[in-house]
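Just so you know, the sequences run in chain order A and B.
Per the working numbering: the first sequence = residues 1 to 142.
Per the working numbering: the second sequence = residues 1001 to 1142.
The beta carbon of each residue, even a glycine, is placed where N, CA and C say it ideally should be.
Number of protein chains: 2
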Amino acid sequence: MPTSTRFAVASHILTALAMTEGKPVRSEDIATSVNTSAVVIRGILSRLNDAGLTRSQLGSGGGALLARSAAEIRLLDVYAAVEDTELFAVHRTAPCTSCPVGANILDVINPALARARAALEAELGKTTIADLAGTIRELAKT
Amino acid sequence: MPTSTRFAVASHILTALAMTEGKPVRSEDIATSVNTSAVVIRGILSRLNDAGLTRSQLGSGGGALLARSAAEIRLLDVYAAVEDTELFAVHRTAPCTSCPVGANILDVINPALARARAALEAELGKTTIADLAGTIRELAKT
DNA sequence: TTATGTGTAAGTATCACTATTACATTAATT
DNA sequence: AATTAATGTAATAGTGATACTTACACATAA
Chain A
1 MPTSTRFAVA
11 SHILTALAMT
21 EGKPVRSEDI
31 ATSVNTSAVV
41 IRGILSRLND
51 AGLTRSQLGS
61 GGGALLARSA
71 AEIRLLDVYA
81 AVEDTELFAV
91 HRTAPCTSCP
101 VGANILDVIN
111 PALARARAAL
121 EAELGKTTIA
131 DLAGTIRELA
141 KT
Chain B
1001 MPTSTRFAVA
1011 SHILTALAMT
1021 EGKPVRSEDI
1031 ATSVNTSAVV
1041 IRGILSRLND
1051 AGLTRSQLGS
1061 GGGALLARSA
1071 AEIRLLDVYA
1081 AVEDTELFAV
1091 HRTAPCTSCP
1101 VGANILDVIN
1111 PALARARAAL
1121 EAELGKTTIA
1131 DLAGTIRELA
1141 KT
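Have a look at this one:
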């Protein structure tokens, strides 16, 4: 399964941006919060930029900003922006085409996997970055 | 990362066993159908044995068998039997505990990820090996 | 013009996965 | 009892993705 931590880190980044309402945040500062290096953060921000979720302000006083409202960024959008690999990997080499099972297994299993992926994505579509930020604000109060 | 193909291959194996009704199938023959080596198949069969989905008959004329009805083996059971890693990987190193976001992000995001995983698993629980084998029998007729 | 940050390429270490080789063990067959 | 056919598993190597680090070009505010 996908062992990339990008999805979790990207959610962390976006939530951090949502907490500062419009003030640019440096990759260095995000890196401190995530506990990694600034280059790793910038690599993920690059993907988020491409996906239209964030934008970057160059130069002194610059940093990363949300490109749209946190309420309009779903975890599904984040997932799609940073995850490369298929959720389910199938046979590395094509199965035997002259065997009854080998010739048909992919056609039979792929629809089931597609349904599972759709269910996952539907659920990821229900939570937004604003939800995460809101809950963190609640927790920070106590 | 290299995503595991074990789930797809394990489903292939079980479907093949479901097609031969009670007759043991050699790992060698399964390997031919999957287009890999017999040792890889035996490695996956070892996990399926541990999970109680299959059993093996040693010695000459032996091979792998389903340990219960194909209708009682859900894709969810297969998934659980062969998949090692968490569906969603979180931060490799713990985030900054003194930052508002870092200290709380995992507590906030984990419930959302758990819901997504539950949705995925619910969907995988709806399809059985018997379903796959049945569809393949249909396809093989034409 | 200088200082501050982003963007990105190149190189490294690590890890999971798959394939391969090798061998011990078990059981049916003769 | 000996032979043969099969599983079970350890050890090893190759591959690919991830994440970390270093380095430097580029953009912008002051």
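Hey, how far is the Cα of residue i from the Cα of residue j?
i                  : j                  : result
Leu120 of chain A  : Thr127 of chain A  : 12 Å
Pro111 of chain A  : Gly134 of chain A  : 37 Å
Arg1042 of chain B : Ala1064 of chain B : 9 Å
Thr1142 of chain B : Ile1136 of chain B : 10 Å
Leu1048 of chain B : Ser1056 of chain B : 10 Å
Ala1051 of chain B : Lys23 of chain A   : 52 Å
Leu1076 of chain B : Ala1031 of chain B : 23 Å
Thr1113 of chain B : Gly61 of chain A   : Checking the sequence shown, residue 1113 of chain B turns out to be Leu, not Thr. Roughly 34 Å between the two C-alpha positions.
Asp1084 of chain B : Ala67 of chain A   : 37 Å
Ser1037 of chain B : Tyr79 of chain A   : 35 Å
Ala103 of chain A  : Thr97 of chain A   : 4 Å
Met1019 of chain B : Val108 of chain A  : 14 Å
Ala116 of chain A  : Val1040 of chain B : 26 Å
Ser33 of chain A   : Ala122 of chain A  : 29 Å
Leu1132 of chain B : Ser46 of chain A   : 41 Å
Asp29 of chain A   : Glu21 of chain A   : 16 Å
Ala1118 of chain B : Glu138 of chain A  : 25 Å
Would you kindly report the start and end of the unbroken alpha helix (DSSP H) that includes residue i?
i                  : result
Leu139 of chain A  : Ile129 to Lys141
Lys53 of chain A   : What sits at residue 53 of chain A in the sequence shown is Leu, not Lys. No alpha helix (DSSP H) holds Leu53 of chain A; DSSP gives it neither H nor E.
Gly1102 of chain B : Pro1100 to Leu1124
His1012 of chain B : Arg1006 to Met1019
Asp1029 of chain B : Ser1027 to Val1034
Leu87 of chain A   : It is not in any alpha helix (DSSP H) - Leu87 of chain A carries neither H nor E in the DSSP assignment.
Leu76 of chain A   : Leu75 to Val82
Beta carbon of residue i, beta carbon of residue j: below 8 Å?
i                  : j                  : result
Leu1053 of chain B : Ala1081 of chain B : yes
Ala1016 of chain B : Val1009 of chain B : no
Pro1100 of chain B : Asn35 of chain A   : no
Ala130 of chain A  : Ala71 of chain A   : yes
Ile13 of chain A   : Ile44 of chain A   : yes
Considering just the uninterrupted stretch of the beta strand (DSSP E) at residue i, what are its terminal residues?
i                  : result
Ala1064 of chain B : Gly1063 to Leu1066
With hydrogens ignored, establish whether the beta-carbon of residue i is closer than 7 Å to any heavy atom of the ligand FMN.
i                : result
Arg26 of chain A : For the structure depicted, the ligand FMN is absent and the ligand set is empty, with no information on it obtainable.
For residue i, which option in the options has the closest C-alpha, if you only look at C-alpha atoms?
i                : options                                       : result
Ser11 of chain A : B:Leu1058, B:Leu1106, B:Ser1069 and B:Ser1037 : B:Leu1106
Leu58 of chain A : A:Ser37, A:Ser27 and A:Thr85                  : A:Ser27
ask   = Hey, is the stretch 1004-1018 of chain B in contact with the stretch 79-89 of chain A, meaning 3+ C-beta pairs nearer than 8 Å?
value = yes
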